[in-house]
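Asker:
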Amino acid sequence: FVLLVGDSHLRSVADGIVPMPVGGLAFGVMSTPGACADLLRLEVSQAVLPREPDAVCVMAPSNNLTASRTVEEAGDAFERYLLAILSRWPKVFCTAMIPRLVGSWERQDLFQQEYHRRSAKLRVSYVPIHDDLPS
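Yeah, the sequence shown ends on 138 if you go by this note's numbering, and it's all consecutive.
1. In the DSSP assignment, find the alpha helix (DSSP H) that holds Phe114 and state where it starts and stops.
2. Taking contact to mean at least 3 C-beta pairs separated by less than 8 Å, is the region 42-62 in contact with the region 76-91?
3. Just the C-alpha distance for Val130 and Gly26, rounded to the nearest angstrom, thanks.
4. Take the Cβ of Thr35 as the centre, count every other Cβ of all protein chains shown within 10 Å, and call the residue buried at 16 or more, exposed below.
5. When the distance is taken between beta carbons, is Val61 closer than 8 Å to Cys97?
6. Using CA atoms only, rank isn't needed, just tell me which of Leu89, Leu104 and Pro93 is closest to Leu68.
7. Would you give the residue range spanned by the beta strand (DSSP E) that Ala58 belongs to?
Set out below in structure tokens:
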């Protein structure tokens, strides 16, 4: 059982619009539209799951682009978010933030770098995905 945690980018999966692959894996999806890292942290800390996940995939929160005043503030919130997840489940990895059409690419890149640094600090694998997305 793999738990996917993120903001509105997971909404179509949570609503069943995007089908999950058939196979031996089971997925759970926590999607909190509009949530920044601090709100996602609260959601995760209060989540009641049907069973313990074998792994947790965290999508880096893109809503901090507007919720945070600085890159460091976003990094602090992201680190608190990861620590909350790690306090519940030991096997955690993170995918990079989904690129947004709002805001400069330079600012988004700075956030990606900060999230990557904070993940590395906590020994959480951070997987870049922007090159795998259609342009």
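Where a beta carbon is used, it is the ideal one built from N, C-alpha and C, also for glycine.
Answerer: Let me spell this out:
1. Translated into the one-based positions of the sequence shown, residue 114 becomes position 111. Trp108 to Lys124 is the span of the alpha helix (DSSP H), which, as asked, contains Phe114.
2. At 8 Å Cβ cutoff, the stretches touch.
3. Looking up residue 130 in the sequence shown gives position 127. Looking up residue 26 in the sequence shown gives position 23. Going from the Cα of Val130 to the Cα of Gly26 covers about 23 Å.
4. Here the question's residue 35 lines up with position 32 in the sequence shown. With a threshold of 16 other beta carbon atoms within 10 Å, Thr35 meets it and is buried.
5. Position 94 of the sequence shown, counted from the first residue, corresponds to residue 97. Position 58 of the sequence shown, counted from the first residue, corresponds to residue 61. The answer is yes: Cβ separation under 8 Å.
6. Within the sequence shown, the letter at position 65 stands for residue 68. Leu68 has its Cα closest to that of Leu104, out of Leu89, Leu104 and Pro93.
7. Residue numbering aside, residue 58 sits at position 55 when the sequence shown is read from its first letter. Note, Ala58: beta strand (DSSP E), Ala58 to Met62.
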